[in-house]
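Asks: Below: one structure in structure tokens.
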Amino acid sequence: MDVLIGILLIPTVQAVLKIFVIIFALVMPLATVLTLMERKWSAMIQDRVGPNRANIPFLNNFRGRGALHIAADGLKSFFKEDFIPEGADRFLFTIAPYFGFAAAMATFAIIPFAGPIGDFTFQITDVKPGLLYIFAITSLGVYGTVLAGAGSNSKFALLGGTRASAQMLSYEVFIGLSLLGVFMVYESTQISVIVNGQNTYWFGNLIPKWGVLTQPIAFFLFFTAMIAETKRAPFDAPEGESEIVAGYFLEYSGMRFAAFMLAEYIALVGVSVLVVTLFFGGYHIPWLHLWESAPQWLVSLLQFMKFTIFTFFFCWLQLQIRWTVPKFRFDQTMALGWKKLLPVALGNVVVTAFIILIAN
Amino acid sequence: MELKVKTVKRVDGFQEALYLPAIFNGLKLTVQHFFRNLLGAKDVVTIQYPEEQRPVSPRWRGRHRLTRREDGFLKCVACYMCETICPAQCIHIDAGDHPDFSIEKYPVVFDIDELRCVFCGLCVEACPKQAIRMDTGVIAMAYSSRKRFDYTRDLLKDTYTPNQRTKYTNIPLPKTEDEALPNSRGIPSS
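From first to last, the protein sequence lines are chains C and P. Quick note, the first sequence lines up with residues 694 to 1053 if you use this note's numbering. Quick note, the second sequence lines up with residues 645 to 834 if you use this note's numbering.
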């Protein structure tokens, strides 16, 4: 028993356990549920019924209002032929999906999900560079699309990969620039510092200094750029049914296709998590510190719930935007980035700098 | 000839360039639909086919049935009218002597090949005894073998059940067989 507790106290062991819990208990289920929710919610938006046919024959044809489609989709992709097209670069083709997958997953490594209990933090690691790590990881995500496009030996896939890489590389610039203001306000790039900075208040205990209040323009810029970075509508030029079919993952089937799809939804969750962490107080619940007698475990639990609810809300919001806004043409995507987001982001940095200068 | 040109004014300007007002308007609409349908699918008009079926009019021609007398015998007197008029030649009748002398004949075999049937309703019109009707309301028959589409006399023998699929229509449907007795094209007499 003592040995077991001793092992559990090793930071590396704790980190590995946290990775498992966060991936398999939080992120993967949420992303999987979102694949179904996307279909059901879009149906509700468009006055349709949505998927509801998958059933269990032995259980009185139990349908669960379409919930079984998750299992049906998973099983289907598991048993489908894993096809590699002729002339494809087998190595690149095989590893490409997992690049995107890993990059989407790695976002969660530095996200705090709740406040610490004693020495135990609900965060895998609080790296010093903080968000610079996120920028690096999202850059790695480009490799997944580029390798898939280049390795598929398909012109559609190559075009899709080219578009995706150009779009993602451009929008990384705006992600960085939009967050400069946030770094200036909270004087750090480290996640824990930014999150704790949002737990301070203006006018005594009146208004929490949430990122969305200190940097409203940065919020819009970051959210837009992040949607573009995850290649979801309205910025889904890398896929286009009428022009290049599914784009860079056109040639994929079976589990590798599922990996691409799941990576997309994990990235979606990742965007929500980042938005909550940077602009909506992270796990901090405003004014909760006024309740001084609250036990720490309860506070952490409430904080975790707040974080999850906000994350879920932003996932929903992204889906809602995806089913509301028509798609941008590829040149429009690039024009929006370089001609509009870039000047606004730079202006935001300058104005923020002035305000900070005057306030000090 | 001069071409008619309609100039559509392009809305340019700061608001359009911002995108945000338009996106918020769109979001307002989709969110409204989302929440209205989240609480009970109010705008959804889909009919869930096998469980829910579209209403049919009382004169709608579905699968055939052979009506019966009060004593349970078939009304059919094996006069071959339907077999003769059938354009698809899908009806096959073999007549036999009826035990009741006043009735004369009854069908020993009455087969309809539902795969050949074109559902024209001429057999119903031709029948002098209201013995064959197409008011079962059965839209589709689906079997895995062709054999099963050969409906025999005993399969066609049926008592009247009023059509239940009236959810979306307000046409009053006949409740009893007497009410449902059709005139020449199967329209209820009442």
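For every residue, glycine included, the Cβ atom is placed at its ideal position computed from N, Cα and C. If you're wondering where the values come from, they're calculated on a predicted model, not measured in any experiment.
At least one CB of chain P closer than 8 Å to the CB of Thr1017/C: is that the case?
Replies: It does; some Cβ of chain P falls within 8 Å.
Asks: With a threshold of 6 Å on Cβ separation, who are the neighbours of Phe776/C within its own chain once the five nearest residues in sequence on each side are excluded?
Replies: Excluding sequence neighbours, Phe776/C sits near Ser946.
Asks: Can you tell me where the beta strand (DSSP E) holding Val649/P begins and where it ends?
Replies: Note, Val649/P: premise wrong, no beta strand (DSSP E); not H, not E.
Asks: On the CB-based measure, 16 or more other CB atoms within 10 Å of its CB, does Val696/C come out buried or exposed?
Replies: It counts as exposed.
Asks: If the cut-off is 7 Å on Cβ atoms, which residues from the stretch 734-752 of chain C count as contacting chain P, listed in chain order?
Replies: Result list: Trp734, Met737, Ile738, Asp740, Arg741, Val742.
Asks: Could one say the Cβ of Phe754/P lies closer than 8 Å to chain C's Cβ atoms, at least one of them?
Replies: Judged by the 8 Å Cβ criterion, Phe754/P is not in contact with chain C.
Asks: Considering only their Cβ atoms, is the gap separating Leu833/C from Gly842/C smaller than 8 Å?
Replies: Taking 8 Å as the Cβ cut-off, Gly842/C and Leu833/C do not qualify as a contacting pair.
Asks: Going by beta carbon distance, what residues of the same chain come within less than 8 Å of Ile827/C, once the five residues before and after it are set aside?
Replies: So the list reads Thr800, Ile803, Leu967, once near-sequence residues are dropped.
Asks: Taking 8 Å as the cut-off, decide whether the C-beta atoms of Leu727/C and Leu961/C are in contact.
Replies: Yes.
Asks: Mark Gly657/P as exposed unless 16 or more other C-beta atoms lie within 10 angstroms of its C-beta, in which case mark it buried.
Replies: Classification of Gly657/P: exposed, given that the 10 Å Cβ count is below 16.
Asks: For a contact meaning CB atoms closer than 9 Å, what does Ile920/C contact in chain P?
Replies: Ordered by position in chain P, no residue passes the 9 Å Cβ test against Ile920/C, which lies about 11 Å from the chain.
Asks: Would Leu824/C and Thr882/C be called neighbours here (beta carbons separated by less than 8 Å)?
Replies: Contact: yes.
Asks: Using a Cβ-Cβ cutoff of less than 8 Å, which residues in the same chain neighbour Ile763/C once the five nearest sequence positions on both sides are dropped?
Replies: Only Thr725, Val726, Thr728, Leu729 meet the Cβ criterion.
Asks: His677/P lies in the beta strand (DSSP E); which residues open and close that run?
Replies: Segment 664-682 is the alpha helix (DSSP H) holding His677/P; no beta strand (DSSP E) there.
Asks: With DSSP run on the structure shown, which of helix, strand or coil describes Glu660/P?
Replies: Correct three-state label for Glu660/P: helix.
Asks: Residues of chain P with a CB under 8 Å from the CB of Ile1014/C: which are they?
Replies: In chain order: Ile667, Leu671.
Asks: Taking DSSP's pairing of strands, which residues face Ile756/P in a bridge?
Replies: In DSSP, Ile756/P forms a bridge with Ile735/P, Tyr795/P.
Asks: Starting from the C-beta of Ala1046/C, find all residues in its chain whose C-beta is less than 6 Å away, skip the five residues before and the five after it, and write them out in chain order.
Replies: No residues qualify anywhere along the chain.
Asks: Cβ of Leu682/P less than 8 Å from any chain C Cβ?
Replies: Leu682/P counts as touching chain C.
Asks: Classify His708/P: buried if its beta carbon has 16 or more other beta carbons within 10 angstroms, exposed otherwise.
Replies: Per the 10 Å Cβ criterion, buried.
Asks: What are the boundary residues of the alpha helix (DSSP H) that Asn754/C is part of?
Replies: Element bounds for Asn754/C: n/a, residue is neither H nor E.
Asks: So who's on the other strand from Arg709/P, going by DSSP bridges?
Replies: Bridge partners of Arg709/P: Arg777/P.
Asks: Work out the CA separation of His742/P and Ala732/P for me, nearest whole Å.
Replies: If you take the alpha carbons of Ala732/P and His742/P, they lie about 28 Å apart.
Asks: What's the C-alpha gap between Glu985/C and Ala939/C?
Replies: Each residue's alpha carbon lies about 54 Å from the other.
Asks: Which one of Val655/P, Ile667/P, Glu660/P, Glu769/P has the shortest CA to CA distance from Gln1011/C?
Replies: Nearest option by C-alpha distance: Ile667/P.
Asks: Where does Trp895/C sit, in a helix, a strand or coil, going by DSSP?
Replies: If DSSP states are grouped into helix, strand and coil, Trp895/C belongs with the strands.
Asks: If I'm right that Gly757/C touches Pro744/C with Cβ under 8 Å, what's the distance once you round it to whole angstroms?
Replies: Wrong, their Cβ atoms sit about 11 Å apart, outside the cutoff.
Asks: Out of Gly869/C, Thr831/C, Lys773/C, which has the shortest C-alpha to C-alpha gap to Ser858/C?
Replies: Nearest of Gly869/C, Thr831/C, Lys773/C to Ser858/C, Cα basis: Thr831/C.
Asks: Return the CA-CA distance between Asn1041/C and Val875/C, expressed in angstroms with no decimal places.
Replies: Distance between the alpha carbons of Asn1041/C and Val875/C: 10 Å.
Asks: Relative to the C-alpha of Tyr941/C, which candidate in Val839/C, Ala807/C, Tyr791/C has its C-alpha closest?
Replies: Comparing Cα-Cα distances from Tyr941/C to each of Val839/C, Ala807/C, Tyr791/C, the minimum goes to Val839/C.
Asks: Under the three-state reduction of DSSP, which class applies to Phe717/P: helix, strand or coil?
Replies: Phe717/P: coil per DSSP, three-state reduction.
Asks: Can you name the residues of chain C whose CB is closer than 7 Å to the CB of Asp656/P?
Replies: Those within 7 Å of Asp656/P in chain C number zero; the least Cβ separation is about 14 Å.
Asks: Between Met919/C and the rest of its own chain, which residues show a CB-CB distance below 6 Å, the 5 nearest in sequence each way excluded?
Replies: So the qualifying residues of the chain are Val964.
Asks: Distance, Cα to Cα, Leu971/C vs Pro699/P?
Replies: Looking at the two C-alpha atoms, the distance is approximately 55 Å.
Asks: Please tell me whether Thr796/P has its Cβ less than 8 Å away from any Cβ of chain C.
Replies: So, not an interface residue.
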